[in-house]
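Undergrad:
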Amino acid sequence: MPKKFSQRTEDMRRALAQEAARIMDEHGIGDFLQAKRKAAGRLGVNDVAVLPKNIEIEAALRERQRLFGRDSHDYYLKEQRQIALDAMRLLTEFMPRLVGSVLTGTATKHSDINLHLFADRSETVAIRLLEIGVPHEFYERRVKMDADRSVNYPALRFEASGRTVNATVFPIDGIRQSPYSPVDGRPMRRADAREVADLVHNN
Numbered sequence: 463m464p465k466k467f468s469q470r471t472e473d474m475r476r477a478l479a480q481e482a483a484r485i486m487d488e489h490g491i492g493d494f495l496q497a498k499r500k501a502a503g504r505l506g507v508n509d510v511a512v513l514p515k516n517i518e519i520e521a522a523l524r525e526r527q528r529l530f531g532r533d534s535h536d537y538y539l540k541e542q543r544q545i546a547l548d549a550m551r552l553l554t555e556f557m558p559r560l561v562g563s564v565l566t567g568t569a570t571k572h573s574d575i576n577l578h579l580f581a582d583r584s585e586t587v588a589i590r591l592l593e594i595g596v597p598h599e600f601y602e603r604r605v606k607m608d609a610d611r612s613v614n615y616p617a618l619r620f621e622a623s624g625r626t627v628n629a630t631v632f633p634i635d636g637i638r639q640s641p642y643s644p645v646d647g648r649p650m651r652r653a654d655a656r657e658v659a660d661l662v663h664n665n
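Quick note: the sequence shown uses the working numbering, first residue 463, plus one each step.
1. Determine whether the beta carbon atoms of V627 and L547 lie at a separation below 8 angstroms.
2. Using C-beta distances below 6 angstroms, list every residue in its chain close to H489, excluding the 5 sequence neighbours before and after it, in chain order.
3. Below 8 angstroms on the Cβ atoms is my guess for R651 versus V564; work out the distance and round it to an integer in Å.
4. Rounded to the nearest angstrom, what separates I519 and F494 at their Cα positions?
5. Buried or exposed: where does A479 fall if 16 or more other Cβ atoms within 10 Å of its Cβ makes it buried?
6. Is DSSP giving V512 helix, strand or coil here?
7. Counting only runs of 3+ residues fully inside the stretch 603-638, write out the beta strand (DSSP E) ranges in chain order.
8. Going by the DSSP bridge assignment, what does A653 pair with across the sheet?
9. Excluding five sequence neighbours on each side, which residues of the same chain lie with their C-beta closer than 6 angstroms to the C-beta of T586?
10. In terms of alpha-carbon separation, which member of N614, L553, Y615 lies closest to D654?
11. Start and end of the alpha helix (DSSP H) containing H535?
12. In three-state DSSP terms, what is I589?
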């Protein structure tokens, strides 16, 4: 049976979600836990049981974007999706998929673009970026694959039209299993270039 909270607690959870959403929107923080902690600090909340779930914060972020600066949000989102599409077309041999807030529509003007690529070796992606003259850096990205398992995958970070693109490189058969979303714990939505093009031109 789901745990029931008092009205006061529910009001505090809602206030924390709204404050965390504001912090993410205005300060470019993409990590839900960091935003929660900052919100709790600002509102003087010490009880972790009161902290909202990520999905509650995402809902508050959507509402904030709808109420405040909708036109500017739509502008930045379309720009981010176009840049993502351009990057995907440059890396088409790696079956790129757009993921994260730029896909779901909750990206702020500070948000990075996140791609999933699929290759036998991450070095082949690096070679492709070198061929097209794109400076980049390697790092490791920890990805939650199911409820009990997280895996470190190679990733590359580069700039495209003034935006940061983070490209995580999965094995080729990794296209069959999408990682868990940090928002709702369900398999993460992935979109190919055709789907992203539709988003750019139809929204």
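Ideal Cβ placement from N, Cα and C applies to all residues, glycine included.
TA: For this structure:
1. In the sequence shown, the residue the question calls residue 627 occupies position 165. In the sequence shown, the residue the question calls residue 547 occupies position 85. Not closer than 8 angstroms, so no.
2. Numbered from its first residue, the sequence shown carries residue 489 at position 27. Within the same chain, no residue comes within 6 angstroms of H489 by CB-CB distance, once the 5 residues on both sides are set aside.
3. Here residue 651 is taken as the residue at index 189 of the sequence shown, counted from 1. Here residue 564 is taken as the residue at index 102 of the sequence shown, counted from 1. Between V564 and R651 the Cβ distance is about 11 angstroms, and since that is not below 8 angstroms, they are no contact.
4. As a first step, residue 519 must be located in the sequence shown, where it is residue number 57. As a first step, residue 494 must be located in the sequence shown, where it is residue number 32. C-alpha separation (whole angstroms): 8 angstroms.
5. For this step, residue 479 is matched to residue 17 along the sequence shown. Counting Cβ neighbours within 10 Å, A479 comes out buried, since at least 16 surround it.
6. Looking up residue 512 in the sequence shown gives position 50. Note: V512 maps to helix in three-state DSSP.
7. 611-622, 625-632
8. Sequence index remark: in the sequence shown, residue 653 carries index 191 (1-based). Answer is L560, bridged to A653.
9. One-based indexing of the sequence shown puts residue 586 at position 124. Contacts found: none.
10. Looking up residue 654 in the sequence shown gives position 192. Comparing alpha-carbon positions, the option among N614, L553, Y615 lying closest to D654 turns out to be L553.
11. One-based indexing of the sequence shown puts residue 535 at position 73. Segment 532-552, the alpha helix (DSSP H) holding H535.
12. As a working mapping, residue 589 is identified with position 127 in the sequence shown. Helix.
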